[in-house]
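What follows is one structure encoded as structure tokens, with my remarks underneath.
Number of protein chains: 4
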Amino acid sequence: MSHSTISLEELVITNLGEKKFPSPGWQRNFSADGTGWHTDGDRILLCDHTAELEASLAKGEPLPSIELAGPRKEIFFNPTQTCVAIVTCGGLCPGLNDVIRTIVMQSYYAYGVRRILGIQYGYEGLDPAYGHRPLELTPEMVMNLPYFGGTFLGSSRGRKDTKVMVNRLEALGVNILFVIGGDGSQRGATDLFEECQLRGNGISIIGVPKTIDNDLMFMDRSFGYQTAFAAACHAVTGAHAEARGARNGIGLVKLMGRDSGFIACSAALATGEVNFVLIPEVDFDLEGEQGLLAALDRRLEQRGHAVIVVAEGAGQDLVPASQARLDASGNKLHEDIGVFLRDRINGYFKSQDKEVTLKYIDPSYTIRSVPAAPEDRVFCLNLARHAVHAGMAGKTGMVVARWHQRFVHLPMKVVTRGRRKVDPHGDLWRSVVEATGQPAVMKG
Amino acid sequence: MSHSTISLEELVITNLGEKKFPSPGWQRNFSADGTGWHTDGDRILLCDHTAELEASLAKGEPLPSIELAGPRKEIFFNPTQTCVAIVTCGGLCPGLNDVIRTIVMQSYYAYGVRRILGIQYGYEGLDPAYGHRPLELTPEMVMNLPYFGGTFLGSSRGRKDTKVMVNRLEALGVNILFVIGGDGSQRGATDLFEECQLRGNGISIIGVPKTIDNDLMFMDRSFGYQTAFAAACHAVTGAHAEARGARNGIGLVKLMGRDSGFIACSAALATGEVNFVLIPEVDFDLEGEQGLLAALDRRLEQRGHAVIVVAEGAGQDLVPASQARLDASGNKLHEDIGVFLRDRINGYFKSQDKEVTLKYIDPSYTIRSVPAAPEDRVFCLNLARHAVHAGMAGKTGMVVARWHQRFVHLPMKVVTRGRRKVDPHGDLWRSVVEATGQPAVMKG
Amino acid sequence: MSHSTISLEELVITNLGEKKFPSPGWQRNFSADGTGWHTDGDRILLCDHTAELEASLAKGEPLPSIELAGPRKEIFFNPTQTCVAIVTCGGLCPGLNDVIRTIVMQSYYAYGVRRILGIQYGYEGLDPAYGHRPLELTPEMVMNLPYFGGTFLGSSRGRKDTKVMVNRLEALGVNILFVIGGDGSQRGATDLFEECQLRGNGISIIGVPKTIDNDLMFMDRSFGYQTAFAAACHAVTGAHAEARGARNGIGLVKLMGRDSGFIACSAALATGEVNFVLIPEVDFDLEGEQGLLAALDRRLEQRGHAVIVVAEGAGQDLVPASQARLDASGNKLHEDIGVFLRDRINGYFKSQDKEVTLKYIDPSYTIRSVPAAPEDRVFCLNLARHAVHAGMAGKTGMVVARWHQRFVHLPMKVVTRGRRKVDPHGDLWRSVVEATGQPAVMKG
Amino acid sequence: MSHSTISLEELVITNLGEKKFPSPGWQRNFSADGTGWHTDGDRILLCDHTAELEASLAKGEPLPSIELAGPRKEIFFNPTQTCVAIVTCGGLCPGLNDVIRTIVMQSYYAYGVRRILGIQYGYEGLDPAYGHRPLELTPEMVMNLPYFGGTFLGSSRGRKDTKVMVNRLEALGVNILFVIGGDGSQRGATDLFEECQLRGNGISIIGVPKTIDNDLMFMDRSFGYQTAFAAACHAVTGAHAEARGARNGIGLVKLMGRDSGFIACSAALATGEVNFVLIPEVDFDLEGEQGLLAALDRRLEQRGHAVIVVAEGAGQDLVPASQARLDASGNKLHEDIGVFLRDRINGYFKSQDKEVTLKYIDPSYTIRSVPAAPEDRVFCLNLARHAVHAGMAGKTGMVVARWHQRFVHLPMKVVTRGRRKVDPHGDLWRSVVEATGQPAVMKG
């Protein structure tokens, strides 16, 4: 846990100014007695472990805490005069269309905002050079979006010039920009936020963090993640059927997970049909008594089949180095560990004169392009609702997240300062080792 | 929130005695350096809201906190000499088979327990009068259970004589009994726990709380709930198609929710296709300007169709009283609000000479008899793993739960002291009102 | 089989007149060499059983045969001057939106028709008294319809005055009307056809037969049927889980099937979990040695649980007579056999002092309001394609169907002359008896 | 159509001998009056097109016809003395477990057979050198198989020595062997049949034809095919979401289809989201005005995104020749057209300086390892039922199939004499061209 590295100060949310407009009518009626509203002073602890807490208290340090999300009784923007805009950036993730839908619905119905712009194709849509015109979004247009995977607005990778984009926001008359995107995009949003603050143009920049890998910090989970690993389970179950259908059958599945193995772990736990999980956070050997190949061989001897799940970022130290490659967002492209393992496993058993049948499955984009499953839909709805509440209240430079089961506001800078990982000594990895029966250590 | 009503003392977990056996081999290897183990002193706060916390600190009160779940380095039972038993009680719930499977797998593989009994048909199976013989469970038998809804062990409602059941446990040589069941069953388990303590027979009673209605206290959620409301979404989406397919079409769906409307709320949020949600926690009128019928009429005028979701326990004050009825577990049986509403709505529009087409859908048991969805499978696995860890560590009279995103131990007495409800002033209900656009108040 | 009751003459399709326009460009290119086109002379036998055939040949009778569907090289209507209209009638059925979509797409892209009207709310939309205005349909509007159950155009039951409707078609300038509906609606379409022929107005009336019960004559199957019984399987599997989850558990599922038991049979075969199938075509007793109750009792004795599937039209002779009721289309409303059986079964075992747990499931509209499954989508696409081909070729008074695996043209009068039933001596029922193990005869 | 190449003689089914045992009791009761039984004389025409028929009749040729499947009143084998065996060969296909289940259930319950052997790992299981022991199958063991993809018995590719395998069958006392497998395996079964006939050992060899590609001749369709293309639709829909989610987005999906494009065609028709379908039966150019690349470019210009589905056997003439490779069954291994196209498309647009985003999806084994969908389950059940009826009646050297919607017996030699293809001039391909809007010809 990196709790200790965050100070209370760093968790403070920026407000554009005094909240002088009343929250629209029906919301007030809903809790006329004053209950049910959160103020900016409603906060929960970042760390609630009693021993750590007592240590902090003993030292007299202020306890890091987080602002709770929720509608504010008074808001900063005058809804009928407000223009909000939405942009989706980076790779697809289940739930993008849900977030778009709810931002539109919530702005329109809960606040009465009438000008809602859909920026097309990610940050490209804020750079006039690309010639994309924003869509004027209405409830009618977005009503059925969640039936479809992908993003209605289109997306793109990479960032554009900050000043050019802020110019564009000003020219369009945008008051609040909702940026749905991963850590690269949120860093871009941070730049937008800082430029807007510098100019004092009163534009709010609100992020909805997106990462199919579930690896953003200080979040219970990221939207789309549950749907994605559920989709991944189909591939695992298929691999299991293939493995059982042949003598010495091996099913090998490569799953998303560039820097973290959450999807691989969850798919293994959910199916109960995986014997080896390989993730970026835990090194393993191929060769040697403790290595994967020998362990796999033992498994085949005992049970006649095996299923392996490998996250795309696992075992990169094993793959022969080649020229460094970056994608458009600047992420390092990985060597294909799946194909590499397939060939090495086949080669090993050939050298052992042992006939095996290995089936390799790479579900690739099929796990991220599906519509969100019901629980994720509810989760997206809440993230989007609270993003609108936060934006209307005049908050900026922040993202909406869930922490310890409550929706909260986090400064953008905090969530992009690192990536969450599977802790090799934590309970998730332990549960994987328990559930798979794989050796706790596969490294000499 | 009822945090304030719980004292630290009430949250203390009972231990059978000194933990004198080392946790089995591979577990120690997993974190040989000592990281990754929880002790009984690892606790998290029950309430982490900073203002409440400061108030408590100011008063000098001890802060209520909860014991974290997890394997203990030393355990109470000698695994190879231990006999564990599993019983499932009450109505079906998605995930029962997952919990059974993991308790068996975890006991067998992670601890080396070799005698695992499956008690058949709920508490009946502990009463010799019924003649059910326990099954000797093996990994092979339970491996594929999660493909199936229901419970492999069978279930029944109602309780049996505590002494008779404890006699039976002693006769069978059971050391740990895992009770998977709802609040009635956990109250029964509490009786077993107390009788065992009285006798000093060293039997551990560990509960895995089950409630499809998601209404147990001090839990983030209950297992099976996500799967259940996802299944309910099919009924809602069907009702929506029916409503849109006819002039003045009305889709009316009755969903589970005896005392709490969580399923109804979540199904409405997840589909985005519901216009009225009726739950036990929020009273409503039928007649009058503010009543449901007039609101429904207005909706039809404006949009030509409507979808209503009603929890089975909603509007009980509206249904003509009849003789009190109880089910075998002593739960009050409700009048059928769905059929009642169907008839009243049809009657109203007939009296208005307005032609409507109402389609009534009661998915009933179909939402609870499905296999668990992937996320629920992972959740069940964790509950079951931690139940086994707790039992082997010699804990008793407790249930495993998740609180603020961590798995914890809670005394049985605490979780059965009341039922969780949808807070009419809280964020869940607000999100429903926002998402449906229904009147915040439908009562004069 | 009622083959013998149909003469060749009755199978002749009416043509509006000479086909003097060439089929649009790309279609000609597709098979420039003349292969791949069907002429009106391409026909297949109605009956291909060799013995029956030889008998007919011996008698010198002309063999009844059916016109094959498909594009014609020359067509009757000039596409660019043609207006087509679509109407959906009666209850929902999976695939309605697929048929609408493909009629629009095929008319627009394959023929170049530019005026495509969507008649709203069934035949009501052709009666000006209701004030529904037709929608001008475009490919863009219908592109995504198959993601949704129901009908985009809305529907209604019952017929309207034929002359009024033909007046309306003429006033709208409609050249081809596609009627998607059940046998009541196709009888209405026959009236429209005859009135148009009488007036000589050159309007083509083409039917796409719809019946979720799969009970139209001379058709391999009806669209939506596969999807519907697949949806029904969920209810059956749920009932099975409920039945197995209790001592003497009984799962009772009521499925659609007013006059025929196809859905009940198929759901039983597909799940392999049903012990008794009750359909309208096969009478059964409740009481007596051979009756259902005794058979059910024996099943419980032997296996401890049972699953019963009952079609809504089964056992109507058992239910106490009450006043005859008709729905708006004039179909007789059935007594609720499901509720009746539930109560009788519970009563029987109570009288026997045998504790049983019966769970009753009525999935009702949920099996007809789902989107079409992939195979049904292809089937709907083909029906719709061939409907457009037929209409453009100037055919009228006919429906598109599939017979012995080929798409064909059938006169409307032929398909509405009776309803297809499960043959109690045929292979489908035999397979049900074999698969369930139920007594071949349950009547004294 | 290759009807004309088959003579009536070639369609005759071999019978082992006189049917002297009565079909077991309950079956007789089922149709005591004699209706509902088929005799060997019940046949349907292979070709029922009236014009072709009249031509044949005019020439005085006997009309090729096919024997109908179904139980026979008298049977060849004495059920209680009969041993049946089941073997599954070749690649996985949805429904294998359904066929196994029903062969066991039908043999056991409908005929009273008590010795049912499951041969493990395909033909390997009949070669003692491999040391696989047959499983003794019971209803209990196979009851739940259809919940799982794959084959419970395991499978393998390739054939073993015919004499060795017949020796093994004799040694095991097998009377009827059911071979579930593709055309290679059915050729192997033909050899077994001929060897058994030569030896006069009275062993019946019955085939259940399996091909996920739907390419066996004289069959309406093959089992598992519907399920497989439905699974493929997920990949296509995912590709569509990816394509729409990016500027100039291209989704490229490779699907199974070694020699025939049925899966690719059906997936395109079912989704309505594909713009180009490439199959082995229809050649296409990459370059040139009419080629794929130019057509794709035009599509992007007009619509901004495109989806391409390519069958694995398509465009093999375009891929640079390399050394011939065969799999263990002797099937030619194809070059990977998917990867080839991906690279060529990316290269083309790079050379055009046009930024595109291509996402490549290869669902590979995931579409064949799923459990069968409900309609396929019913289909498998019927194939298996009729296989058992045929075997018990003493038929041999034949497969069970469906033709023109009826279940029939076909000599093994007939179905393995070629592979069914998509007819480039037929209605299936026409429907694809109509539905995708792709150029009818993409070859210069």
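Chains as they are written, first to last, in the numbering used here: chain A, 1 to 444; chain B, 445 to 888; chain C, 889 to 1332; chain D, 1333 to 1776. Ideal placement from N, C-alpha and C gives every residue a C-beta, glycine not left out.
Any C-beta of chain A sitting closer than 9 Å to the C-beta of A499 (chain B)?
-> no
Check each residue of the segment 1560–1573 of chain D: if its Cβ is closer than 8 Å to any Cβ of chain C, include it; give the result in chain order.
-> Of all residues in the segment 1560–1573 of chain D, F1561, A1562, C1565 have a Cβ within less than 8 Å of some Cβ in chain C.
In chain order, what residues of the segment 1262–1291 of chain C put their CB closer than 7 Å to some CB of chain D?
-> Listed in sequence order: P1262, E1263, R1265, V1266, L1269, N1270, R1273.
How would you label Q1008 (chain C), buried or exposed, when you count the other beta carbons within 10 angstroms and need 16 or more for buried?
-> buried
The alpha helix (DSSP H) with Y225 (chain A) in it runs from where to where?
-> 225–244
Counting only runs of 3+ residues fully inside the segment 1437–1472 of chain D, write out the beta strand (DSSP E) ranges in chain order.
-> Within the segment 1437–1472 of chain D, the complete beta strand (DSSP E) runs of at least 3 residues are 1447–1450.
Which residue's Cα is closest to the Cα of I423 (chain B): B:V800, B:E505, B:E462?
-> Nothing can be reported for residue 423 (chain B): it is not among the residues displayed for chain B, which extend from 445 to 888.
Could you have a look at K947 (chain C) and say whether DSSP puts it in helix, strand or coil?
-> helix
Just tell me which of B:R747, B:R643, B:G735, B:G625 has its CA closest to the CA of A884 (chain B).
-> B:G735
Go ahead and pull the three-state DSSP assignment for T880 (chain B).
-> When secondary structure is reduced to three states using DSSP, T880 (chain B) falls in the helix class.
Measure from the C-beta of N1089 (chain C) to each C-beta in chain A and report whether the shortest distance is under 9 Å.
-> no
Boundaries (first-last residue) of the beta strand (DSSP E) holding E511 (chain B) | 509–512
Of the listed residues B:T880, B:R516, B:F465, nearest to A739 (chain B) (C-alpha basis) | B:T880
Report yes or no: is there a C-beta of chain C within less than 9 Å of the C-beta of L1628 (chain D)?
-> no
Going by DSSP, which residues form a beta bridge with T810 (chain B)?
-> Note: T810 (chain B) sits in no beta bridge, so no partner.
Cβ shell of Q1655 (chain D) (< 8 Å), same chain only, five flanking positions each side left out = Residue confidence for Q1655 (chain D) is low, a pLDDT of 44 falling below 50, so the modelled location carries little weight; the figure read from the coordinates is stated next. Here the set comprises nothing.
Using alpha carbons as the reference points, say which of D:R1447, D:L1385, D:G1423, D:V1431 lies closest to T1412 (chain D).
-> D:R1447
Tell me, please, which residues DSSP counts as bridged to R846 (chain B).
-> Answer is B:F851.
How many whole angstroms separate the CB atoms of I1512 (chain D) and L1428 (chain D), which I take to be in contact at a CB cut-off of 8 Å?
-> 6 Å
For V1585 (chain D), write down the residues that DSSP places opposite it in a beta bridge.
-> D:V1641, D:I1693
Is there at least one Cβ from chain C nearer than 9 Å to L1377 (chain D)'s Cβ?
-> yes
So, P1354 (chain D) versus G1444 (chain D), is the Cβ gap smaller than 9 Å?
-> no
Does any CB atom of chain C fall closer than 9 Å to the CB of S1696 (chain D)?
-> no
Give the DSSP-derived three-state secondary structure of C1597 (chain D) in the structure shown.
-> helix
Should G682 (chain B) and L802 (chain B) be called a contact, given that it needs their Cβ atoms to be closer than 9 Å?
-> no
Determine whether the Cβ of N1163 (chain C) lies closer than 9 Å to any Cβ atom of chain A.
-> So no, N1163 (chain C) is outside the interface.
One or two residues paired with K395 (chain A) in a DSSP bridge = A:N15
Would you please state the rounded distance, in angstroms, between the beta carbons of V400 (chain A) and V208 (chain A)? I believe it to be under 8 Å.
-> 6 Å
Y1479 (chain D) versus chain B: which residues are under 8 Å apart at the beta carbon?
-> N588, Y591, F592
For chain A, is any of its Cβ atoms less than 9 Å away from the one on A768 (chain B)?
-> In this predicted model, A768 (chain B) has a pLDDT of only 47, less than 50, meaning its place in the structure is not dependable enough to derive any value.
What are the complete alpha helix (DSSP H) segments, minimum 4 residues, inside the segment 1025–1055 of chain C?
-> If only uninterrupted alpha helix (DSSP H) runs of at least 4 residues are considered, those enclosed by the segment 1025–1055 of chain C are 1027–1030.
Best match in B:L713, B:G566, B:N826 for proximity to A633 (chain B) [C-alpha to C-alpha] = Of the listed residues, the one whose Cα sits closest to A633 (chain B) is B:G566.
Find the residues of chain G that neighbour D664 (chain B), judging by a C-beta separation of less than 7 Å, and give them in chain order.
-> No chain G is present in this structure, whose protein chains are A, B, C and D.
Determine the burial state of G1137 (chain C): buried for a count of at least 16 other Cβ atoms within 10 Å of its Cβ, exposed for fewer.
-> The residue in question, G1137 (chain C), is buried, as its Cβ has 16 or more Cβ neighbours within 10 Å.
Rounded to whole angstroms, what's the CA-CA distance from K1542 (chain D) to R1635 (chain D)? Just pull it up for me.
-> 40 Å
So, are the CB atoms of I263 (chain A) and G257 (chain A) less than 9 Å apart?
-> Between I263 (chain A) and G257 (chain A), the C-beta gap is smaller than 9 Å, which places the two residues in contact.
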